[in-house]
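In case it helps, mature numbering (1 follows the signal peptide of the UniProt record, and there is no 0) puts the sequence shown at residues -23 to -1, 1 to 245. The beta-carbon is built from N, C-alpha and C at its ideal position, and this holds for glycine as well.
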Amino acid sequence: MSMASGVLALIIVLLFIATEARAQVEEELCDIETKSPCSIEEHEECRSQNPSDKIGVCKCIYGYHRAFNGAPCLPIEIASKETASISSNETKETSTSTAKSHLEFSLEGPSAVQLPQDSVKIRVKFPNADARRGNSYSYLWELLQGTGLAFASSYKRPVLELSQLKEGNLLFRVTVSNSTHSGQQRYALAVEAAKAPNKPPRAIIRPESPVHGVEGTRLTLDAEGSVDDDKIVAYKWTQDKGPSIPLGAMNTPILTLDNMVAGTYVFR
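Below you can see the structure in the form of structure tokens.
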């Protein structure tokens, strides 16, 4: 019985020695002085098993580990996975808790202005006064188009005050929000060029004065060829010279005179 126990103990010792030897063989040995063949690029360092040893074993540096002997050193992912899981849960909770209701509002302001007017105001308007009262909203105006065509002292107020306008098209996006509601609107503004100074119209009459009337005939004067830099709004005929005759409609572009009296006439 004692011999059997001794044999069993010997077998256990031999198995332990073999296991330790296999572990040492599987781990790559290295030179303590030169650190070779451990690779810093592969996150390895040469560690001695005893202070007096000149031969060590290639181990992973702090923060890295091998999945098994012979495997590359990889970052320890257990903690990062746990952190990622916590972060993911927090993100989901935050996303759920911060989901905001749609906020209704409109914008009040002109869609176009003409120079030399060089300033304009655009206001955020709520559908009712109660929506604004007692609520602390934040405002953010963003210029999407028209860089350099206007100046604003602040883009974080309910009223956007634009000045120093220049010709062109501007496009803004405004976001209004508080802890529970949020909404966006776009606002387009066209800045038109200034009109040139208005010039007086130029009357063109065919035939030109002076004209010679023949007794008993009809004379037609045509001013439809008159020009203006904007638009002709009215006509008025005046006889400056010639025999007195009945005049027809005096406020039309064409003047027709019947039963002329012989003589020379000047009209304007």
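- With a threshold of 16 other beta carbon atoms within 10 Å, M227 falls short and is exposed.
- The beta-carbon distance between W214 and L196, rounded to whole angstroms, is 12 Å. This is too long to meet the 8 Å contact definition.
- Going by beta carbons, P230 and G190 fall outside the 9 Å limit.
- Selection K218, F82, E5, E144 evaluated against K172 yields E144 as nearest (Cα-Cα).
- Nearest Cα to P178 within the set S96, E22, A200: A200.
- Restricting attention to L148, M237, H42, the CA atom closest to the CA of G86 is found in L148.
- Nearest Cα to S83 within the set R150, A76, A129: R150.
- Listed in chain order, the non-local C-beta contacts of L126 below 6 Å within the same chain comprise K143, G145, L147, local neighbours out to five positions each way being set aside.
- By the criterion of a C-beta distance shorter than 7 Å, S13 is surrounded in its chain by C7, once the five residues flanking it on both sides are discounted.
- About 5 Å separates the CB atoms of I181 and S203; that is less than 8 Å, so the two are in contact.
- Cβ contact annotation for L234 (same chain, cutoff 6 Å, sequence separation greater than five): L196, in chain order.
- By the neighbour-count criterion, in which 16 or more other beta carbons inside 10 Å mark a residue as buried, I99 falls on the buried side.
- Within the same chain, and ignoring the five residues on either side of T241 in sequence, the residues whose Cβ sits closer than 8 Å to its Cβ are P187, V188, H189, G190, K218, G219.
- Secondary structure remark: continuous alpha helix (DSSP H) runs of at least 4 residues inside the stretch 86 to 128, in chain order: 106 to 109.
- Pairing C35 with E22 gives a Cβ-Cβ distance under 9 Å.
- For the pair K102 and W118, the CB atoms are not nearer than the 9 Å cut-off.
- DSSP, reduced to helix, strand and coil, places T197 within a strand of the structure shown.
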